[in-house]
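Asks: According to this note's numbering, the stretch in the sequence shown is residues 58 to 210, in order.
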Amino acid sequence: MANLDEIDKRLLAELQAEGRVTNVELAQRVGLTAPPCLRRVRGLEEEGVIRGYHADLDPSKLGFAITVFAMVSLKSQAESALREFEEHMRELPEVRECHMLNGEIDFILKIVSQDLQSFQEFLTGKLTPAPNVESVKTSLTIRTSKHEPGVPL
Numbered sequence: 058m059a060n061l062d063e064i065d066k067r068l069l070a071e072l073q074a075e076g077r078v079t080n081v082e083l084a085q086r087v088g089l090t091a092p093p094c095l096r097r098v099r100g101l102e103e104e105g106v107i108r109g110y111h112a113d114l115d116p117s118k119l120g121f122a123i124t125v126f127a128m129v130s131l132k133s134q135a136e137s138a139l140r141e142f143e144e145h146m147r148e149l150p151e152v153r154e155c156h157m158l159n160g161e162i163d164f165i166l167k168i169v170s171q172d173l174q175s176f177q178e179f180l181t182g183k184l185t186p187a188p189n190v191e192s193v194k195t196s197l198t199i200r201t202s203k204h205e206p207g208v209p210l
């Protein structure tokens, strides 16, 4: 875990809320001048605390009307099988998140699709036949009441 002081935490909170803020504006918000602010941000980037800057897109406005969570059980939990599955999921653009779990389910996936037919084709043509997959259970999202990327700071 990174050793962060209060200024670092304020920088991260500001950037998490508005990644497009200029360095000058960011510095003003946290009470620094621009050069030390930039040094701190670059340091946080180099440490991997800041992994990147992204636009938060609305999938439905881009033609992805369906969001599905898939619970995947694998035939084997050997490390090589787990890594092979994870690598395969990285290659599928419909899979937006892939989390390994403990318990009865090995992975939970967040998947976006244009419609039910497209999702069914993805499910039967790409996900179910993926390496080492034993079973897949899916739940279609009805409504998203909270979507807040990042962490509480």
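In this text, a Cβ means the ideal position worked out from N, Cα and C, and glycines have one as well.
(1) Of the choices A187, E154, L184, whose alpha-carbon is the least far from that of P206?
(2) Sort E63, A70, A122, D172 by Cα distance to R200 and report the nearest one.
(3) To which residues does DSSP link C155 through a beta bridge?
(4) Quick check: V125 and L68, are their CB atoms within less than 8 Å of each other?
(5) Report the rounded CA-to-CA distance for I168 versus T195, giving the unit in angstroms.
(6) Using the C-alpha atoms, what's the distance from P188 back to L166?
(7) Taking the beta strand (DSSP E) that A122 belongs to, which residues open and close that run?
(8) Going straight from the alpha carbon of E148 to that of T90, what length do you get?
(9) Is DSSP giving L197 helix, strand or coil here?
(10) Look at the alpha carbon of I162 and the alpha carbon of A74, and state the distance between them as a whole number of angstroms.
Replies: Let's see:
(1) Start at 1 with the first residue of the sequence shown, and residue 206 comes out as number 149. Per the Cα distances, E154.
(2) The residue given as residue 200 occupies position 143 in the sequence shown. Of E63, A70, A122, D172, the residue nearest in Cα terms is A122.
(3) If you number the sequence shown from 1, residue 155 lands on position 98. Answer by DSSP bridge pairing, in chain order: L166.
(4) The residue labelled residue 125 in the question sits at position 68 within the sequence shown. The residue labelled residue 68 in the question sits at position 11 within the sequence shown. Contact flag unset, no.
(5) Taking the first residue of the sequence shown as 1, we reach residue 168 at position 111. Taking the first residue of the sequence shown as 1, we reach residue 195 at position 138. Looking at the two C-alpha atoms, the distance is approximately 10 Å.
(6) For this step, residue 166 is matched to residue 109 along the sequence shown. For this step, residue 188 is matched to residue 131 along the sequence shown. Computed Cα separation, rounded: 15 Å.
(7) Residue numbering aside, residue 122 sits at position 65 when the sequence shown is read from its first letter. Here A122 belongs to no beta strand (DSSP E), and DSSP marks it neither H nor E.
(8) In the sequence shown, residue 148 corresponds to position 91, counting from 1. In the sequence shown, residue 90 corresponds to position 33, counting from 1. Near 43 Å, if we compare the C-alpha coordinates of T90 and E148.
(9) By 1-based counting over the sequence shown, the position of residue 197 is 140. Of the three classes helix, strand and coil, the one that applies to L197 here is strand, per DSSP.
(10) Taking the sequence shown and counting its residues from 1, the one referred to as residue 162 is at position 105. Taking the sequence shown and counting its residues from 1, the one referred to as residue 74 is at position 17. Distance between the alpha carbons of I162 and A74 is about 33 Å.
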